[in-house]
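**Student:** I'd like to ask some things about the structure below.
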Amino acid sequence: MRDLRHLPPEEARMRIRERKHTTPTTGISIDYAQANLVVLNKEAAYDFLLFCTRNPKPCPLLDVTEAGSPVPMLTAPGADLRTDIPKYNLYRHGKLIEQTEDITSYWQDDLVAFLLGCSFTFEKSLLENDIPVRQIELNRNVPMYKTNIPCRPAGRFSGPMVVSMRPIPSRQVAKAVTVTSRYPSVHGTPIHIGNPALIGITDLDKPDYGDAVPLYEGEVPVFWACGVTPQAVAAASEADFMITHAPGHMFITDVKDQQLSLF
Numbered sequence: 051m052r053d054l055r056h057l058p059p060e061e062a063r064m065r066i067r068e069r070k071h072t073t074p075t076t077g078i079s080i081d082y083a084q085a086n087l088v089v090l091n092k093e094a095a096y097d098f099l100l101f102c103t104r105n106p107k108p109c110p111l112l113d114v115t116e117a118g119s120p121v122p123m124l125t126a127p128g129a130d131l132r133t134d135i136p137k138y139n140l141y142r143h144g145k146l147i148e149q150t151e152d153i154t155s156y157w158q159d160d161l162v163a164f165l166l167g168c169s170f171t172f173e174k175s176l177l178e179n180d181i182p183v184r185q186i187e188l189n190r191n192v193p194m195y196k197t198n199i200p201c202r203p204a205g206r207f208s209g210p211m212v213v214s215m216r217p218i219p220s221r222q223v224a225k226a227v228t229v230t231s232r233y234p235s236v237h238g239t240p241i242h243i244g245n246p247a248l249i250g251i252t253d254l255d256k257p258d259y260g261d262a263v264p265l266y267e268g269e270v271p272v273f274w275a276c277g278v279t280p281q282a283v284a285a286a287s288e289a290d291f292m293i294t295h296a297p298g299h300m301f302i303t304d305v306k307d308q309q310l311s312l313f
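In my numbering, the protein residues as written are 51 to 313.
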C-alpha cells in the first residue's frame, strides 16, 4: 500500500478528485496544512466572516474565495473546492440533507467558500515530539464533540463550540500545549484539559462526529477547538444553506505546516 504521508498536496488532491481516496485525511501529506470548508450564499457571507473574527479559536480563517469562484487563491491556486475534498455535507434550514463526493452540481455564481484552519496540521509536530496521536495509530477519524461553550454570535449565526479530543499521557500534556501553541491559525492551544463533563461532554465513547478512540491508563483527554463548529452552528441557527466538508474529510492546501508556525 502506498505511503500517503508524504504525498505532494497537488497529488493528494488529484487522488481525491479522481475518487482514489474517499476516507478521512488525517495522516495524509503531513507536511502541509489541512483546512475545514464552509460554503455560503454571498448574502450570508458577511455574517459568517464576522462570526469567524469573533470566534478565532474554532474558526481561524486561512482563505476566502471570490463570489462564484471555487478556487482558493491564497492557499491552493490550482485546486477546485467543488471536487478536491473526499466528502461533503449539504445543509438546508439547519438540517443535514445529503453527503456527496462532488458539489459541482450545487455550485452557483453567488457562493463564497471559507477555509478554516484544522488541527490535523499540528499533528506532525506532536509526533515529532514523541507525543502519540491515537487516531493516526488506529487509522480512525478524530473524535469530535459538541460542548456547552457558546460561540459569540454574529448576525444570523450562533451556536455551540465543537472540540476535537486527543488522549495525551499526563506527563506530556504540558509539552502538547507548548507544541500546539505555535499554531494559532490552526486552533493553537487546547481549550480544555481533563474532565469532559465540565464542557458538557457526557460520554467520550460517543462522539458527535468522527470515531471514538480509547483512553489508556495514565492519559488525560485534551480538547482543542474544532473547525466542525460551523456545522453545529448551522443546525443551531437553522441556516438556509451551507455546504461543508464531512468531519475529518479535509481540504489539503499548498501551505506548509511550518508557514503557520510562530517559531
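Yeah, the Cβ is synthetic: ideal placement off N, Cα and C, and Gly gets one too. Please read these numbers as outputs of a predicted model, since none were measured by experiment.
What do you get for leucine 166, buried or exposed, if any count of 16 or more other CB atoms within 10 angstroms of its CB means buried?
**Tutor:** Taking the first residue of the sequence shown as 1, we reach residue 166 at position 116. Counting Cβ neighbours within 10 Å, leucine 166 comes out buried, since at least 16 surround it.
**Student:** Determine which residues share a DSSP beta bridge with glycine 167 and list them.
**Tutor:** Sequence index remark: in the sequence shown, residue 167 carries index 117 (1-based). Its beta-bridge partners are Ala85.
**Student:** If you compare alpha carbons, which of Leu310, Leu312, Met300 is closest to isoleucine 78?
**Tutor:** Looking up residue 78 in the sequence shown gives position 28. The option with the nearest alpha carbon to isoleucine 78 is Met300.
**Student:** Counting beta carbon pairs with one atom in the region 131–143 and one in the region 177–190, are three or more of them shorter than 8 Å?
**Tutor:** Not touching, per the Cβ criterion.
**Student:** What is the rounded straight-line gap between the Cα of alanine 62 and the Cα of proline 234?
**Tutor:** On the sequence shown, residue 62 is found 12 positions in, with the first residue counted as 1. On the sequence shown, residue 234 is found 184 positions in, with the first residue counted as 1. So the alpha carbons of these two residues sit roughly 25 Å apart.
**Student:** Could you give the DSSP three-state label for glutamine 309: helix, strand or coil?
**Tutor:** As a first step, residue 309 is located in the sequence shown; it is residue number 259 there, counting from the start. Glutamine 309: helix per DSSP, three-state reduction.
**Student:** Please give the ranges of any alpha helix (DSSP H) in the region 135–191, keeping only runs that are unbroken, at least 4 residues long and fully inside the region.
**Tutor:** The region 135–191 contains these whole alpha helix (DSSP H) runs: 173–178, 184–187.
**Student:** Using the Cβ count rule (16 or more neighbours within 10 Å means buried), how would you classify alanine 247?
**Tutor:** Start at 1 with the first residue of the sequence shown, and residue 247 comes out as number 197. Alanine 247 is exposed by the Cβ-count criterion.
**Student:** Tell me the rounded alpha-carbon separation between arginine 206 and aspartate 255.
**Tutor:** Position 156 of the sequence shown, counted from the start, is the residue given in the question as residue 206. Position 205 of the sequence shown, counted from the start, is the residue given in the question as residue 255. Their backbone Cα atoms lie some 32 Å apart in a straight line.
**Student:** Alpha carbon to alpha carbon, what distance is there between glutamate 269 and glycine 298?
**Tutor:** Taking the sequence shown and counting its residues from 1, one reaches residue 298 at position 248. Taking the sequence shown and counting its residues from 1, one reaches residue 269 at position 219. Whole-angstrom Cα-Cα distance: 23 Å.
**Student:** In its own chain, which residues sit with a C-beta less than 8 Å from the C-beta of serine 155, not counting the 5 before and 5 after it?
**Tutor:** The residue given as residue 155 occupies position 105 in the sequence shown. Once the five neighbours on either side are set aside, serine 155 has no close Cβ partner at all.
**Student:** Apart from the five residues just before and just after arginine 67, which ones in its own chain have a Cβ nearer than 6 Å to its Cβ?
**Tutor:** By one-based count along the sequence shown, residue 67 stands at place 17. Excluding sequence neighbours, arginine 67 sits near Thr133, Asp134.
**Student:** Report all residues from its chain with a CB closer than 6 Å to the CB of leucine 312; omit the five preceding and five following residues, and keep chain order.
**Tutor:** Within the sequence shown, numbered from 1, the residue matching residue 312 stands at position 262. Excluding positions up to five away in sequence, the list reads Arg232.
**Student:** If contacts are defined as beta-carbon pairs under 8 Å, then leucine 131 and proline 120 qualify, I think. What distance do you get, rounded to the angstrom?
**Tutor:** Your numbering for residue 131 matches position 81 in the sequence shown. Your numbering for residue 120 matches position 70 in the sequence shown. Right, their Cβ atoms sit about 4 Å apart.
**Student:** Kindly indicate which residue of Val88, Gln308, Pro59 has the alpha-carbon position closest to the one of valine 114.
**Tutor:** For the purposes of this step, residue 114 is taken as the residue at position 64 of the sequence shown. Residue Val88 is the option with its Cα nearest to valine 114.
**Student:** Of all the options Arg184, Glu288, Arg190, His242, which has the alpha carbon lying nearest to the alpha carbon of proline 108?
**Tutor:** For this step, residue 108 is matched to residue 58 along the sequence shown. Of the candidates Arg184, Glu288, Arg190, His242, the one whose C-alpha sits nearest the C-alpha of proline 108 is His242.
**Student:** Between the Cα of serine 169 and the Cα atoms of Leu100, Ala85, Asp81, which residue gives the shortest distance?
**Tutor:** Position 119 of the sequence shown holds residue 169. If we check each option's Cα against that of serine 169, Ala85 comes out closest.
**Student:** Which of the three DSSP states, helix, strand or coil, is assigned to proline 264?
**Tutor:** For the purposes of this step, residue 264 is taken as residue 214 along the sequence shown, with counting starting at 1. Looking at proline 264 - three-state DSSP - the assignment turns out to be coil, as it is neither helix nor strand.
**Student:** Please say whether glycine 277 and asparagine 191 have beta carbons closer to each other than 8 Å?
**Tutor:** For the purposes of this step, residue 191 is taken as residue 141 along the sequence shown, with counting starting at 1. For the purposes of this step, residue 277 is taken as residue 227 along the sequence shown, with counting starting at 1. No. Outside cutoff.
**Student:** How many angstroms separate the CA atom of valine 212 from the CA atom of aspartate 304?
**Tutor:** By 1-based counting over the sequence shown, the position of residue 212 is 162. By 1-based counting over the sequence shown, the position of residue 304 is 254. Roughly 26 Å between the two C-alpha positions.
**Student:** DSSP three-state label for aspartate 97, please.
**Tutor:** On the sequence shown, residue 97 is found 47 positions in, with the first residue counted as 1. Residue state, collapsed to three classes: helix.
**Student:** Could you check the C-alpha separation between leucine 57 and phenylalanine 291 for me, to the nearest Å?
**Tutor:** As a first step, residue 57 is located in the sequence shown; it is residue number 7 there, counting from the start. As a first step, residue 291 is located in the sequence shown; it is residue number 241 there, counting from the start. Approximately 34 Å, taken between the alpha carbons.
**Student:** The ligand COA and glutamate 68: does any heavy atom of the ligand fall closer than 7 Å to the residue's C-beta?
**Tutor:** Ligands are entirely absent from the displayed structure, and the ligand COA is therefore not among its contents.
**Student:** Out of Lys306, Thr150, Asp97, Glu93, which one is the CA nearest neighbour of arginine 69?
**Tutor:** Residue 69 sits at position 19 when you count from the first residue of the sequence shown. Of the listed residues, the one whose Cα sits closest to arginine 69 is Thr150.
**Student:** Could you tell me the boundaries of the alpha helix (DSSP H) in which alanine 279 lies?
**Tutor:** Numbered from its first residue, the sequence shown carries residue 279 at position 229. First, the amino acid is wrong: residue 279 is threonine here, not alanine. Taken as a continuous stretch (DSSP letters only), the alpha helix (DSSP H) holding threonine 279 covers 279–287.
**Student:** Taking the beta strand (DSSP E) that alanine 275 belongs to, which residues open and close that run?
**Tutor:** One-based indexing of the sequence shown puts residue 275 at position 225. Note, alanine 275: beta strand (DSSP E), 269–275.
**Student:** DSSP state of arginine 216, grouped into three classes?
**Tutor:** Here residue 216 corresponds to residue number 166 of the sequence shown, with the count starting at 1. Reduced to three states, the DSSP call for arginine 216 is strand.
**Student:** Which whole-angstrom value is the C-beta distance of proline 240 and valine 227, which I expect to be below 8 Å?
**Tutor:** For this step, residue 240 is matched to residue 190 along the sequence shown. For this step, residue 227 is matched to residue 177 along the sequence shown. That belief holds up - the Cβ atoms of proline 240 and valine 227 are roughly 6 Å apart, short of 8 Å.
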